[in-house]
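Numbering (the working numbering), first residue to last: 383 to 490.
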């Protein structure tokens, strides 16, 4: 069973029959929307900066889900402190992440 709580500026309340899972979660398609081409839009940068601030204040990781399987997008997310990238395309995602992490210095 997974339990996910929305983390905002209010104290999180745990469900009655479960333990809270601490993370900041973003739906890429709704909140970020960068195509992976060209310059990352300021709105996307601000969204990730706000997520980093919330995650840092709570000492929890950042999770992004519904991100397109795209090397530029994944590299940018990882460089911005995203710890978990949710995907349904595991066979396409694994080699992509291996390439990114195998580069000298790993993630920029």
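The beta carbon of each residue, even a glycine, is placed where N, CA and C say it ideally should be.
DSSP-derived helix/strand/coil call for residue i
i           : result
residue 461 : helix
residue 476 : helix
residue 408 : strand
residue 419 : coil
residue 481 : helix
Sequence-distant residues of its chain with Cβ nearer than 8 Å to residue i (five each side left out)
i           : result
residue 466 : 405, 443, 444, 445, 446
residue 416 : 422, 423, 426, 455, 458
residue 486 : none
Residues that DSSP places opposite residue i in a beta bridge
i           : result
residue 467 : 446
Start and end residues, alpha helix (DSSP H) containing residue i
i           : result
residue 434 : 424-440
Expected contact under 8 Å - CB spacing of residue i and residue j to nearest Å
i           : j           : result
residue 458 : residue 421 : Residue 458 to residue 421, Cβ: 11 Å. No contact.
residue 475 : residue 451 : 6 Å
residue 453 : residue 478 : 5 Å
residue 408 : residue 433 : 6 Å
Residues of its chain near residue i, where Cβ-Cβ distance is below 6 Å and the 5 sequence neighbours each way are ignored
i           : result
residue 414 : 426, 429
Cutoff 7 Å; reference residue i; Cβ partners in own chain excluding five residues on either side
i           : result
residue 464 : 444, 446
residue 411 : 448
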